[in-house]
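Keeping their order, the protein sequence lines are chains B and C. In terms of the working numbering, the first sequence is residues 1 to 231. In terms of the working numbering, the second sequence is residues 1 to 231. Notes follow the structure.
2 protein chains.
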Amino acid sequence: MNADTRAVVLLSGGLDSATVAAIARAEGYSLVAITFDYGQRHRAELLAAEQVARAMGVVRHVVMPIDLRQFGGSALTSDIPVPKGRDTDAIGLGIPITYVPARNTIFLSFALALAEVEKAADIFIGANARDYSGYPDCRPEYIAAFEQMANLAVAEAVEGRLKIRIRAPLMELGKGDIIKKGLTLGVDYGLTRSCYDPDASGRACGRCDSCQLRLKGFAEAGMPDPAPYAP
Amino acid sequence: MNADTRAVVLLSGGLDSATVAAIARAEGYSLVAITFDYGQRHRAELLAAEQVARAMGVVRHVVMPIDLRQFGGSALTSDIPVPKGRDTDAIGLGIPITYVPARNTIFLSFALALAEVEKAADIFIGANARDYSGYPDCRPEYIAAFEQMANLAVAEAVEGRLKIRIRAPLMELGKGDIIKKGLTLGVDYGLTRSCYDPDASGRACGRCDSCQLRLKGFAEAGMPDPAPYAP
């Protein structure tokens, strides 16, 4: 690989995308990170994304404001309450209330534009079918269809200079294995944030679906979560 | 068709998208229009989009700000000069400097989110392979690939309640035939704007690629362009 072969990484500030960034870095890529400010209620994630980007030594970090609130319909961007205290076995049955319409499609579309400008063939995303089976845009068949479309969409691909690949290396991993993988690659999970409903100082609630899956993952990995939780 | 069967229409304020909106309306749809404010230099288009939306009687008009300038690389969003006075036969050979990376993919992704929220199966876009062969994301194979991906991306489609269709009714039409079609449907082309480089009062330059294609189209349709041009 060329010393400055770039890859675009979708970086949310959460645990999965930090792990994906570490995987891409370990493969030898220079990282161009893109983070979306989409009116999410968990703004602690944006601060976490900046810290993770710095820790990963990215060569460029784009923070893209997009206004998904205009569409409505999700607990992540509107006033619908975030569900709390659900059994982790029930999480992933059906489409969750935290579903945001076409979110990964919008995110990957911007990543595709950035990939073309940066001449980056590879776009890394932390999509995971196992823990988030409720999100249709986290499934391998969706990722494959996006990749196929992408190679017909941008000039660099159509003219044969770039073969776009959507890389989702966490697709089949459970949360515990994701964390174990990241630890071997030196990810500082204390910088990451996953909570859908943190308090004013950015501490996790410990009870929303995302917190529960994260805590279960750290339990599986046999270590405590280094991120802060509200008492 | 139900009295309030909705369709999403990508409305730029240009001639093509106004025609597409009229086609969708003639098919009996209630129109939900989406217009992108993407830092384009031709802001006269945004005002035109509002006027066209009003004239078409849309039930909702979303104006979505997106920041494509962060990516750079196009004469439409940066300081690269817009080409002028090119022969219309040369327009469409190769990727034009006015190409914006992944533009239609980003636009269609937002339209897809809106379609899911509005329970609209049909998304209308003014893509045209004939006059704009330089844009890879205006080709039928691209549109088909996006449609396939879209039906794997959103919950309404995956759960079988909506079969997303990307409708590009102008795909094979020349500019003259697009204008003739629109005139039979009552489109007021005096409201539309196409110029890549209008003056401060929104008058067209008459010399950029877009103006030249437009003027050629009106000549083919056998009528003068009712939109204003700088002297």
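Quick reminder that beta carbons are idealized off the backbone N, C-alpha and C, glycines included. For clarity, every value in this text was computed on a predicted model and none was experimentally measured.
For the alpha helix (DSSP H) containing residue i, name the first residue and the last one.
| i | result |
| --- | --- |
| F146 of chain B | 140-153 |
| T19 of chain B | 15-26 |
| L213 of chain B | 209-221 |
| M64 of chain C | Per DSSP, M64 of chain C belongs to no alpha helix (DSSP H); it is in the beta strand (DSSP E), 60-65. |
| T192 of chain B | Note, T192 of chain B: premise wrong, no alpha helix (DSSP H); not H, not E. |
| E172 of chain B | Careful: E172 of chain B lies outside any alpha helix (DSSP H) and carries neither H nor E. |
| Q70 of chain C | First-last for Q70 of chain C: undefined, no H or E at that position. |
Hey, out of the options, whose CA is closest to residue i's CA?
| i | options | result |
| --- | --- | --- |
| P65 of chain C | C:T35, C:D209, C:T5, C:R167 | C:T35 |
| A18 of chain C | C:M223, C:G57, C:P231 | C:G57 |
| A155 of chain B | C:A153, C:C138, C:Q148 | C:C138 |
| P226 of chain C | C:E50, C:D4, C:A204, C:V100 | C:A204 |
| I178 of chain B | B:N2, B:G134, B:A22 | B:A22 |
| L213 of chain C | C:V9, C:A33, C:L46, C:K84 | C:K84 |
| E172 of chain C | C:I143, C:Y196, C:A150, C:G160 | C:I143 |
| K181 of chain B | B:Y135, B:C208, B:E141, B:G217 | B:G217 |
| D209 of chain B | B:G134, B:F110, B:A150, B:L108 | B:G134 |
| V187 of chain B | B:E147, B:P140, B:Q51 | B:Q51 |
| L47 of chain C | C:V63, C:N2, C:A111 | C:V63 |
So which residues on chain C does residue i lean against when the C-beta distance must stay under 8 Å?
| i | result |
| --- | --- |
| V58 of chain B | By Cβ distance, chain C contributes nothing, its closest Cβ being about 15 Å from V58 of chain B, past 8 Å. |
If I follow the unbroken beta strand (DSSP E) through residue i, where does it start and stop?
| i | result |
| --- | --- |
| V9 of chain B | 6-10 |
| S30 of chain B | 30-37 |
| D122 of chain C | 122-124 |
| I166 of chain B | 165-167 |
Identify the contact partners of residue i in chain C, using a Cβ-Cβ distance below 7 Å as the criterion.
| i | result |
| --- | --- |
| Y99 of chain B | A155 |
| F146 of chain B | M149 |
| I106 of chain B | S109, F110, A113 |
| I66 of chain B | I66 |
| E116 of chain B | P101, A102 |
| V62 of chain B | Q70 |
Could you compute how far the alpha carbon of residue i sits from the alpha carbon of residue j?
| i | j | result |
| --- | --- | --- |
| A129 of chain C | R6 of chain B | 32 Å |
| G202 of chain B | D67 of chain C | 27 Å |
| P101 of chain B | E116 of chain C | 7 Å |
| K163 of chain B | R69 of chain C | 24 Å |
| R54 of chain B | K119 of chain C | 41 Å |
| A121 of chain C | I106 of chain C | 18 Å |
| G28 of chain C | D4 of chain C | 9 Å |
| L114 of chain C | F71 of chain B | 6 Å |
| S109 of chain B | S109 of chain C | 7 Å |
| N2 of chain B | S30 of chain B | 10 Å |
Below 7 Å on C-beta distance, what does residue i contact in chain B?
| i | result |
| --- | --- |
| P169 of chain C | Within 7 Å Cβ-Cβ: nothing; P169 of chain C doesn't reach chain B, min ~20 Å. |
| D232 of chain C | Chain C is shown from 1 up to 231; residue 232 of chain C falls before or after that span and cannot be answered. |
| F71 of chain C | A113, L114, V117 |
So which residues on chain C does residue i lean against when the C-beta distance must stay under 9 Å?
| i | result |
| --- | --- |
| Y142 of chain B | M149, L152, A153, V158 |
| A21 of chain B | Within 9 Å Cβ-Cβ: nothing; A21 of chain B doesn't reach chain C, min ~20 Å. |
Worksheet item: If we count Cβ pairs, one from each stretch, closer than 8 Å, do we get three or more for the region 2-16 of chain B versus the region 177-197 of chain B?
Response: Result yes; three or more Cβ-Cβ pairs closer than 8 Å.
Worksheet item: Are the region 106-125 of chain C and the region 164-175 of chain C touching, with three or more C-beta to C-beta distances below 8 Å?
Response: Here the region 106-125 of chain C makes contact with the region 164-175 of chain C; the two share three or more CB pairs at distances below 8 Å.
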